[in-house]
Amino acid sequence: MTRVRVRFAPSPTGPLHIGGVRTALYNYFFAKKNNGTFILRIEDTDKARFVEGAEEYIMESLKWCGIIVDEGINEGGNYGPYRQSDRKAIYRQYADMLIDKGDAYFAFDTPEQLETLRSESGKAGNTFIYNAAVREKLNNSVSLQETEWKEKLDKGEPYVIRYKMPHNDDIHFDDIIRGHIVVNTGTLDDKVLFKSDGMPTYHLANIVDDHLMEISHVIRGEEWLPSLPLHIMLYRSFSWDLPLFAHLPLLLKPDGKGKLSKRDGDKMGFPVFPLFWPYGETAKGYREEGYYPDAFINMLALLGWNPGTEQEIFSMDELIEAFSIERVGKSGSRFDPEKAKWFNHQYLQYRYNNQLALEFREFLRARGHHVDIIRLETLIGLVKERVSFVKEIWEQTDFFFKAPETYDQEVIKKRWKENSAALLRELISILEKIDDFSAAKTEPVIKTWIEEKGYNTGEIMNVFRLVVVGASRGPHIFDIICWIGKEETIKRIGKGVSVIGK
Ligand code: GLU
């Protein structure tokens, strides 16, 4: 294979969608697998769509995902600059080359004139296409005499440069994922390559940069497939070698009907962006929701690519090793928010308790609780299997840190009996005699007491938990009382008895 050089080429128009992150990942896997180079190129030629903060967001997202950029704005490289607005001076000469060859032309039609043509066609039930069929009748250097259009240029009349799409030509090309494709140029329009603001359009800048940056494989989203025939034509006009193309299938909504959008996430409560987006209309991010980056990329990697085995958990290195474009499917992949949580659950289970204790300690600190790390480690051991996120540890353990202020009424109604208060008072007297409060010590003592007295285990344990926890949830009760200690346990039982009843 030729030297592998791939690029991720986002436009800084807002937060990076997870579909874009997946494109970046597949490019990265492919580059690393083939000892190639991963390039980050910022495509910001469309000034109207530029959004402040988006470029930094893109870079931070890649960093959070563990994607290491080899060449880019911050990294440098021999093919820079890597931001298209910094390459502005490069593009014009290529547009001129096409004009000289007769493959492009100046067009002077004003936006208002084009709008009139569009609406007239619309009224007649047609779609206006600027192409070979109409170009001779419009205001451009094909239809006008040379003296006329040169005069317009001299006078500084605004113009764009359009590609002169041949009239009726079959374009044949190949896509690694889609196979062989044939498109007739009759369906295509004379796309603008160079705008009146002096900037190239996406099409021209993208092709010129892919060529100058010696990109070997263009791996990008399926939404760019309709642009590919034009791109192929441009390569031919320039007589440049083509890179290989791979167009990735879409990420679909959870119901499989259409492209996954921010609205789906808002409706169903999941993020569609890697990081929180803080500007304007804010948006949730996987990072802030508590996802681990390795779980996030593992989940994303499997949306569209399959390893051909049952394996689901892959580290970054394993993904790089296992990845191949040939195993990327043609059809869209349905995004499953539950599966995303499942991945985080798995990754949380793999973490050592002492690591989780450190992460949870940060969470507690923010809430004013300062707890010894060893004690936290024990606590995590009790609830780890039930949680998918560090923040859920709190939901499972809040009562460890504070005595219940209320008691679940349903549980009281169902479990609190005539003799419950008396039994709990007796329990206090038993517990008072135990010094070692480990579950291994308290459990047999209590069980023996219940047995000897002929009490009902369920009746006692249910109200015991109720007064300690405030509800019927939580891990093994003897583990709970060990952690909160003798004094606190007795205090909670006493309070429960006095609040709930005699
Ligand atoms: N700038 C385009 C985007 O925003 C790049 C498409 C391509 O990779 O060619 O996705």
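For the sequence shown, numbering that gives the first Met the number 0 gives the first residue as 0, with consecutive numbering after it.
The beta-carbon is built from N, C-alpha and C at its ideal position, and this holds for glycine as well.
query, result
"Collapsed DSSP secondary structure at Gly284 in the structure displayed", "coil"
"Residue environment, Ile67, which counts as buried when at least 16 other CB atoms sit within 10 Å", "exposed"
"Ala204 - containing alpha helix (DSSP H), residue span", "Tyr201 to Leu211"
"The ligand GLU heavy atom lying under 7 angstroms from the CB of Arg177", "no"
"Pairwise C-alpha distance: Thr36 and Ile98", "33 angstroms"
"Check: Ser84 C-beta below 7 angstroms from any heavy atom of the ligand GLU", "no"
"Extent of the continuous beta strand (DSSP E) run through His179", "Gly178 to Asn183"
"Length at least 4, wholly inside the stretch 297–333: the alpha helix (DSSP H) runs in chain order", "315–321"
"Sequence-distant residues of its chain with Cβ nearer than 8 angstroms to Thr12 (five each side left out)", "Asp45, Arg48, Phe49, Val50 and Ala53"
"Cα-Cα separation, Thr447 to Ala470", "25 angstroms"
"Close beta carbons around Ser437, own chain, < 6 angstroms, minus the five adjacent residues each side", "Cys481"
"Euclidean distance between Cα positions of Tyr158 and Asp108", "7 angstroms"
"Whole-number beta carbon distance between Asn26 and Glu6, since they are thought to touch under 8 angstroms", "First, the residue type needs correcting, since residue 6 is Arg and not Glu in the sequence shown. Their Cβ separation, rounded to whole angstroms, is 7 angstroms, which keeps Arg6 and Asn26 in contact under 8 angstroms."
"For Ile214 and Asp196, the rounded distance between their alpha carbons", "27 angstroms"
"N-terminal and C-terminal residue of the alpha helix (DSSP H) that Phe513 is part of", "Lying outside 0 to 501, the shown extent of the chain, residue 513 is not represented and no answer is given."
"Glu222 versus Ser84: straight-line alpha-carbon distance, rounded", "23 angstroms"
"Local Cβ density within 10 Å of Thr456, reported as buried at 16 or more and exposed below that", "exposed"
"Proximity of Lys416 and Glu458 at Cβ, strictly below 8 angstroms", "yes"
"Heavy atom of the ligand GLU within 7 angstroms of Trp239 beta-carbon", "no"
"Cβ-Cβ distance between Leu430 and Lys485 below 8 angstroms", "yes"
"Burial state of Ile392, where buried means 16 or more other Cβ atoms lie within 10 Å", "buried"
"Of the listed residues Tyr81, Asn77 and Ala30, nearest to Glu42 (C-alpha basis)", "Tyr81"
"Any 3 or more C-beta pairs closer than 8 angstroms across the stretch 196–209 and the stretch 228–243", "yes"
"Alpha carbon of Phe244 to alpha carbon of Gly473, nearest angstrom", "54 angstroms"
"Rounded separation between Leu378 and Glu311 - CA only", "29 angstroms"
"Met267 classed as buried or exposed, judged by whether at least 16 other C-beta atoms fall within 10 angstroms", "exposed"
"Asn205 beta carbon near the ligand GLU (any heavy atom closer than 7 angstroms)", "yes"
"Start and end residues, beta strand (DSSP E) containing His171", "Asp169 to Asp174"
"Element boundaries [beta strand (DSSP E), containing Arg219]", "His216 to Gly220"
"Lys122 to Trp304 span [Cα, whole Å]", "45 angstroms"
"Beta carbon of Tyr291 nearer than 8 angstroms to that of Asn353", "no"
"Endpoints, the alpha helix (DSSP H) within which Leu378 is located", "Ile372 to Val382"
"His373 versus Gly367, Tyr351 and Leu249, residue with shortest Cα-Cα distance", "The question names His, but residue 373 in the sequence shown is Ile. The option with the nearest alpha carbon to Ile373 is Tyr351."
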